[in-house]
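Everything below concerns the one structure shown next.
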Amino acid sequence: ARDTPWWERGVVYQIYPRSFQDSNGDGIGDLAGIAARLDYVAALGVDAIWLSPIFPSPMADFGYDVADYCGVEPIFGDLAAFDALLEAVHARGLKLLLDFVPNHSSDQHAWFKESRSSRDNPKRDWYIWRDPAPDGGPPNNWVSDFGGSSWEWDEATGQYYLHAFLKEQPDLNWRNPALRAAMMDVMRFWFDRGVDGFRIDVLWHIVKHADLLDNPVNPAWTPEVRERDKLLQHHSTDQPEAHAFSAEMRALADSYGERVLIGEIFLPNDRHARWYGTPERPQVHLPFNFQLVENEWDAGSLRQVIGEYEASLPGHGWPNWVLGSHDAARIAARIGEAQARVAAMLLLTLRGTPTLYQGDELGIGEVTIPSDRMRDPQHLREPERGIGRDRSRTPMPWSDAPFAGFSTVEPWLPLNDDWRTRNVAAQEADEGSLLQFYRSLLKLRREHPALAIGIFALTEAEDEVLSYMREAGSETLLVVLNLGSQQRRYTLPPGYVVRETLASTKPDRASDGTVQPDEGLILRLEGEH
Ligand code: TEU
Ligand code: CA
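To convert, count from 1 in the sequence shown and add 3; that's UniProt numbering.
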């Protein structure tokens, strides 16, 4: 096998810092808490940690509103605590990725304070300011991801500023060279400190059409769909210049040696794939692939989206997969506990770098959050859309100690309802737990190059069964996943017999030509002769 970089073989673990471990009794997770739990992360068997934003922030969007790109939020610690964490991560042979938020800053960032102070301030053009439309309204029809117009009126200087998210998150102007230089310096600051890469927030948003043209109405939109999805984001996202700037970020990362860039990109496959760039001018290593989050959990449609995604990749593009995040509903809440095991097997046996979201390895599902404890600004602005993102941001349950060992006081968000039984300590003590299953799959991935880097081929399968082969060197594996509730036979590729059952989501199973309801199997095959 060719030499593969760590981020191709490796598995990324996403930590939401507010909710991992509190070390100082204020009910909010912090960097020292993460450092204290690194043995857990290392024992899980992942390769890298991605931390959601840790920078100084008024927390209007829980850190995705950055007030200083080169500091640490005091709630989380300080630069010394960060350096200590980074050293401890590296000492365990793990990598550390930070969350870079280039599209917008906080309205409390010094740059924005200067920018809004007057029309001729040198930093005015670091953000996107425009005169009102002739009727006095916003300059165009763009809408914020969190509801309402993307434009906020600024009385003092008599112009509107653009914000794709909250009004507390003004969009930066990447067409301004001085702003670009300042943002590249931010990346240098953290690379120089030793971070191994970045997950880049809403990368496809960073540049807007130069003339800020109105976005067209989506012909497929119906009133049941969110208002913000009424418009196609044709002119507000995915501009050619953003690709050029992501190539510049990549060139900077490459100048530091083996660093990795993961871009958050929500686009159809063909436009998504362009974020890899070309072999001569690469962009991000991994444009985040949300297919498993966005699609129905049924074998037929998964088979289709997996096939289409694989087919859309450029020759040099390495795939990646995500099941959950701090923005999405928990996977176990979406598909149920039994299928969450099948999903674990899918995530860790597809071709490509998996990202595992904290708590999904425990099967945390639906949680009850009383309305007076909801914190997600997206939900608070659009409560009619349901429970919002808090449901996937509840604190890690470590044990059945008070507050689940997460804190010594009531945490900032409630724990999962079943934390007394669904926690790390309980699952460590139970051989049959989802946590142990994740650990065994992660170990298997490490031991079998066919799983980590082997070729991938979908195979013919029965209804409700998703199956595919992974192959490297002399090893051929068949993964068979039953997404339904009926026992099914599986078909072996012609000329092969089963040699060994490497893993099953059910205890003590050996291959017998069938796959049980909610079962996933990893089989080692051999040629008939
Ligand atoms: O999310 C980008 C994004 O597209 C979200 O708006 C997503 O569609 C939504 O949360 C799903 O409900 C990133 C971050 O992951 C998110 O936490 C931030 O709020 C957002 O950017 C703004 O920085
Ligand atoms: Ca704390």
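Glycine is no exception: its CB is placed at the ideal position from the N, C-alpha and C atoms.
*Under a Cβ-count criterion, where at least 16 other Cβ atoms within 10 Å of its own Cβ denotes burial, should Lys446 be classed as buried or exposed?*
Taking the sequence shown and counting its residues from 1, the one referred to as residue 446 is at position 443. Classification for Lys446: exposed.
*Residues of its chain near Arg354, where Cβ-Cβ distance is below 6 Å and the 5 sequence neighbours each way are ignored*: The sequence position of residue 354 within the sequence shown is 351, counting from 1. Excluding residues within five positions, the ones whose Cβ falls inside 6 Å are Pro322 and Phe459.
*Return the CA-CA distance between Asp199 and Ala455, expressed in angstroms with no decimal places.*
One-based indexing of the sequence shown puts residue 199 at position 196. One-based indexing of the sequence shown puts residue 455 at position 452. The C-alpha of Ala455 is placed about 20 Å away from the C-alpha of Asp199.
*Cβ neighbour criterion (16 or more within 10 Å) applied to Gln489*: To locate residue 489, count along the sequence shown from 1; it is residue 486. With fewer than 16 other Cβ atoms within 10 Å, it is exposed.
_Does Gly266 come out as helix, strand or coil in the three-state DSSP assignment?_
For the purposes of this step, residue 266 is taken as residue 263 along the sequence shown, with counting starting at 1. In this structure, Gly266 counts as strand in the three-state DSSP scheme.
*With 16 as the cutoff for other CB atoms within 10 Å, does Val92 come out buried or exposed?*
Position 89 of the sequence shown, counting from 1, holds the residue named residue 92. Result: buried.
*How many angstroms separate the CA atom of Pro8 from the CA atom of Thr356?*
For the purposes of this step, residue 8 is identified with residue 5 of the sequence shown, where counting begins at 1. For the purposes of this step, residue 356 is identified with residue 353 of the sequence shown, where counting begins at 1. So the two alpha carbons sit approximately 11 Å from each other.
*Give the C-beta separation of residue 2 and Val287 to the nearest angstrom, bearing in mind that I take them to be a contact with Cβ-Cβ under 8 Å.*
Residue coverage of the chain in this structure runs from 4 to 532, which leaves residue 2 outside it and unanswerable.
*Compute the distance between the beta-carbons of Ala346 and Leu326, then report whether it is under 8 Å.*
By 1-based counting over the sequence shown, the position of residue 346 is 343. By 1-based counting over the sequence shown, the position of residue 326 is 323. Yes. Within cutoff.
*How many whole angstroms separate the CB atoms of Asp521 and Ala331, which I take to be in contact at a CB cut-off of 8 Å?*
Working through the sequence shown from its first residue, we reach residue 521 at position 518. Working through the sequence shown from its first residue, we reach residue 331 at position 328. Not quite, the Cβ-Cβ distance comes to about 22 Å (not below 8 Å), so this is no contact.
*Is it true that the CB of Ser55 sits closer than 8 Å to the CB of His329?*
Taking the sequence shown and counting its residues from 1, one reaches residue 329 at position 326. Taking the sequence shown and counting its residues from 1, one reaches residue 55 at position 52. Yes, they are a contact pair.
_Pop quiz: Leu41 and Phe79 are said to be a contact at Cβ under 8 Å. What is the actual Cβ separation, rounded to whole angstroms?_
Your numbering for residue 41 matches position 38 in the sequence shown. Your numbering for residue 79 matches position 76 in the sequence shown. Rounded, the Cβ-Cβ distance is 16 Å, inconsistent with contact.
*Segments assigned beta strand (DSSP E), at least 3 residues, entirely inside the stretch 150-187*: 154-157 and 162-165
*From Gly408 to Leu365, what does the alpha carbon distance come to, in whole angstroms?*
As a first step, residue 408 is located in the sequence shown; it is residue number 405 there, counting from the start. As a first step, residue 365 is located in the sequence shown; it is residue number 362 there, counting from the start. When only Cα atoms are considered, Gly408 and Leu365 end up about 15 Å apart.
*Report yes if the C-beta distance between Pro496 and Gly435 is below 8 Å; otherwise report no.*
As a working mapping, residue 496 is identified with position 493 in the sequence shown. As a working mapping, residue 435 is identified with position 432 in the sequence shown. Contact flag unset, no.
*Would you mind working out which of Leu383, Glu474, Leu469 and Ala39 sits nearest Ile309, comparing C-alpha positions?*
As a working mapping, residue 309 is identified with position 306 in the sequence shown. Taking only the C-alpha atoms, the option nearest Ile309 is Leu469.
*Looking at C-alpha atoms only, which residue of Asn272, Phe248, Leu270 and Glu531 is the closest neighbour of Leu264?*
For this step, residue 264 is matched to residue 261 along the sequence shown. Residue Phe248 is the option with its Cα nearest to Leu264.
*May I ask you to report which of helix, strand or coil DSSP gives Ala4?*
The residue you call residue 4 lines up with position 1 of the sequence shown. The predicted model places Ala4 with a pLDDT of 42, which falls under 50 and marks its position as unreliable; any figure quoted below should be read in that light. Of the three classes helix, strand and coil, the one that applies to Ala4 here is coil, per DSSP.
*CB of Asp33 to nearest heavy atom of ligand 2: below 7 Å?*
Here residue 33 corresponds to residue number 30 of the sequence shown, with the count starting at 1. Yes, Cβ of Asp33 sits closer than 7 Å to a heavy atom of ligand 2.
*Would the C-beta of Asp29 count as close to ligand 2, meaning under 7 Å from any of its heavy atoms?*
As a first step, residue 29 must be located in the sequence shown, where it is residue number 26. Indeed, a heavy atom of ligand 2 lies less than 7 Å from the Cβ.
*Separation of Arg191 from Gly30, as counted between CA atoms*: Residue 30 sits at position 27 when you count from the first residue of the sequence shown. Residue 191 sits at position 188 when you count from the first residue of the sequence shown. Answer to the nearest angstrom: the Cα atoms are 33 Å apart.
*Per DSSP, which residues does Gly530 bridge with? Please list them.*
What you label residue 530 is simply residue 527 of the sequence shown in a count that begins at 1. Under DSSP, Gly530 forms a beta bridge with Tyr499.
*Is the beta carbon of Asp81 within less than 7 Å of some heavy atom of ligand 2?*
If you number the sequence shown from 1, residue 81 lands on position 78. False, no ligand heavy atom lies under 7 Å from that Cβ.
*Completely contained alpha helix (DSSP H) runs for the stretch 98-125, where each covers 4 or more residues*: The stretch 98-125 contains these whole alpha helix (DSSP H) runs: 113-118.
*Which whole-angstrom value is the C-beta distance of Gly523 and Val483, which I expect to be below 8 Å?*
Taking the first residue of the sequence shown as 1, we reach residue 523 at position 520. Taking the first residue of the sequence shown as 1, we reach residue 483 at position 480. Yes, Gly523 and Val483 are in contact; Cβ-Cβ is about 7 Å, under 8 Å.
*Rounded to whole angstroms, how far is the Cβ of Val336 from the Cβ of Gly362, which I believe are closer than 8 Å?*
The residue labelled residue 336 in the question sits at position 333 within the sequence shown. The residue labelled residue 362 in the question sits at position 359 within the sequence shown. Checking the displayed sequence, the identity of residue 336 turns out to be Ala instead of Val. Between Ala336 and Gly362 a beta carbon distance of about 11 Å is seen, past the 8 Å cut, so the two are scored as non-contacting.
*Can Ser477 be considered in contact with ligand 2, in the sense that its beta carbon sits closer than 7 Å to one or more heavy atoms?*
Against the sequence shown, residue 477 aligns to sequence position 474. No, since every heavy atom of ligand 2 falls outside the 7 Å radius drawn around the Cβ of Ser477.
_Tell me which residues share the same chain as Leu99 and place their Cβ nearer than 6 Å to its Cβ, disregarding the 5 neighbours each side in the sequence._
Indexing the sequence shown from 1 puts residue 99 at position 96. Once the five neighbours on either side are set aside, the close Cβ partners of Leu99 are Ile52, Leu89, Val92, Val198 and Asp199.
*When burial is assigned at 16 or more other CB atoms within 10 Å of the CB, is Gly36 buried or exposed?*
By one-based count along the sequence shown, residue 36 stands at place 33. Gly36 comes out buried.
*From Lys116, Arg277, Gly280 and Trp324, pick the residue whose C-alpha is nearest to that of Phe293; which is it?*
Here the question's residue 293 lines up with position 290 in the sequence shown. The option with the nearest alpha carbon to Phe293 is Trp324.
*Straight-line CA distance for Leu461 to Tyr19?*
Here residue 461 corresponds to residue number 458 of the sequence shown, with the count starting at 1. Here residue 19 corresponds to residue number 16 of the sequence shown, with the count starting at 1. Approximately 34 Å, taken between the alpha carbons.
*In terms of residue numbering, what span does the beta strand (DSSP E) encompassing Asn143 cover?*
Here residue 143 is taken as the residue at index 140 of the sequence shown, counted from 1. From DSSP, Asn143 is part of no beta strand (DSSP E); its letter is neither H nor E.
*Three-state secondary structure assigned by DSSP to Pro452*: Position 449 of the sequence shown, counted from the start, is the residue given in the question as residue 452. Collapsing the DSSP output to three states places Pro452 in a helix.
*Got a sec? Which residues, its chain only, sit under 6 Å from His112 by beta carbon, not counting five neighbours each side?*
Against the sequence shown, residue 112 aligns to sequence position 109. Excluding sequence neighbours, His112 sits near Ala70.
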